[in-house]
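> Quick note: to get this note's numbering, add 10 to the position in the sequence shown (first position is 1).
We put the beta carbon where it would ideally sit given N, CA and C, even for glycine.
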Amino acid sequence: MADPTSESAPVPTPESWRRADAYLARTLVGDDIDLDAAVADQRSAGLPDIEVAPLNGKLLHLLARLVGARRVLEIGTLGGYSTIWLARALPADGRVVTIEAEQHHADVARRSIDRAGLGDRVDIRVGRAADVLPDIEGPFDLVFIDADKESNTIYLDHAARLARPGAVVIVDNIGRAGRIADPDTTNPQVIGTQRGLELLASDPRFDATALQTLDAKGWDGIAIALVVDPNEG
Ligand code: SAH
Ligand code: DHB
Ligand code: MG
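Here's what the structure looks like:
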């Protein structure tokens, strides 16, 4: 029997969990010309190294397929890495609407998305999401929230308005190396993330869980919520 307290149970170290993550990514995702090029271009353009890990990108893709997504809303495009994973899950007439505050990020993303052959499936809106979202029309089948964490409750409110019942909402970065459990944190990003999780727990329009992740991006996690119709059993 595996005893997690026994001395023989390996303790995760960055080296061991990165090796396990690389193994899983190599086995289940592999090389991908367009995704690898998107990451390479993002790096050479000086964008931050904060796109989702490959296995999480594939999870987004599979969740979109599981809900039969035709319309996806993403908040936080960066260089388009997660956008490509999501756009590939859609039928040819499907759409990802992705919101990005930085014009430079949007320009890098546009090139990578076009090169991946997904240009006509992706609509990049440049601006602060809180300003852009009031003009966006639903319904969406999947919403991926991955921008400024301080605004997560605002984004979840929009997600509840814009997503159909049965849609899935994913919130990135809900672990933050364990800081999420600190009730005394003064970090505004962690506080925003905590308020977002509390909204997911208390708002009758959502039913949610969360998974911690230990991967190439360190110790973090995602929340996954089903959008429910509060008036139905
Ligand atoms: N989803 C991407 C990573 C997004 S990183 C991926 O996994 O590949 C977060 C992005 O959100 C950055 O590009 C940042 O510029 C953008 N961002 C930050 N604040 C924002 C805001 N208020 N509105 C829209 N985008 C914002
Ligand atoms: C940061 C933002 C992200 O969306 C992420 O996945 C990792 C890090 C950040 O702002 O540091
Ligand atoms: Mg993120």
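Select from Asp239, Gly78, Gly185, Val21 the residue whose C-alpha is nearest the C-alpha of glutamine 199.
As a first step, residue 199 is located in the sequence shown; it is residue number 189 there, counting from the start. Among Asp239, Gly78, Gly185, Val21, the Cα nearest to that of glutamine 199 is on Gly185.
> Would the segment 219-231 count as touching the segment 173-187 if we require 3 or more Cβ pairs under 8 Å?
yes
> Does the beta-carbon of proline 64 have 16 or more other beta-carbons within 10 angstroms, so that it is buried, or is it exposed?
Translated into positions along the sequence shown, residue 64 becomes position 54. Flag for proline 64 reads buried.
> I need the boundaries of the beta strand (DSSP E) containing leucine 88, first residue and last residue.
Along the sequence shown, read from residue 1 onward, the residue named residue 88 stands at position 78. Element bounds for leucine 88: n/a, residue is neither H nor E.
> Check the DSSP bridge columns for alanine 97 and list the partner residues they point to.
For the purposes of this step, residue 97 is taken as residue 87 along the sequence shown, with counting starting at 1. Note: alanine 97 sits in no beta bridge, so no partner.
> Have a look at the DSSP bridge pairing and note the partners of alanine 220.
Counting from one through the sequence shown, the residue named residue 220 turns up at place 210. Note: alanine 220 sits in a beta bridge opposite Ala233.
> I'd like to check one pair, leucine 83 with valine 49: are the Cβ atoms closer than 7 Å?
Here the question's residue 49 lines up with position 39 in the sequence shown. Here the question's residue 83 lines up with position 73 in the sequence shown. Against a cut-off of 7 Å, the Cβ pair of leucine 83 and valine 49 comes out as no contact.
> Would a C-beta distance cut-off of 7 Å place histidine 115 and leucine 96 closer than the cut-off?
The residue given as residue 115 occupies position 105 in the sequence shown. The residue given as residue 96 occupies position 86 in the sequence shown. It is not a contact, given that the beta carbons lie outside the stated cut-off.
> Report yes if the C-beta of aspartate 225 is less than 6 Å from at least one heavy atom of ligand 3; otherwise report no.
The count along the sequence shown starts at 1 and reaches residue 225 at position 215. No, the beta carbon of aspartate 225 sits no closer than 6 Å to any heavy atom of ligand 3.
> Report buried or exposed for threonine 203, applying the criterion of at least 16 other Cβ atoms within 10 angstroms of its Cβ.
By 1-based counting over the sequence shown, the position of residue 203 is 193. Counting Cβ neighbours within 10 Å, threonine 203 comes out buried, since at least 16 surround it.
> Using DSSP with H/G/I as helix, E/B as strand and the rest coil, what is threonine 196?
Indexing the sequence shown from 1 puts residue 196 at position 186. Coil at threonine 196, not helix or strand.
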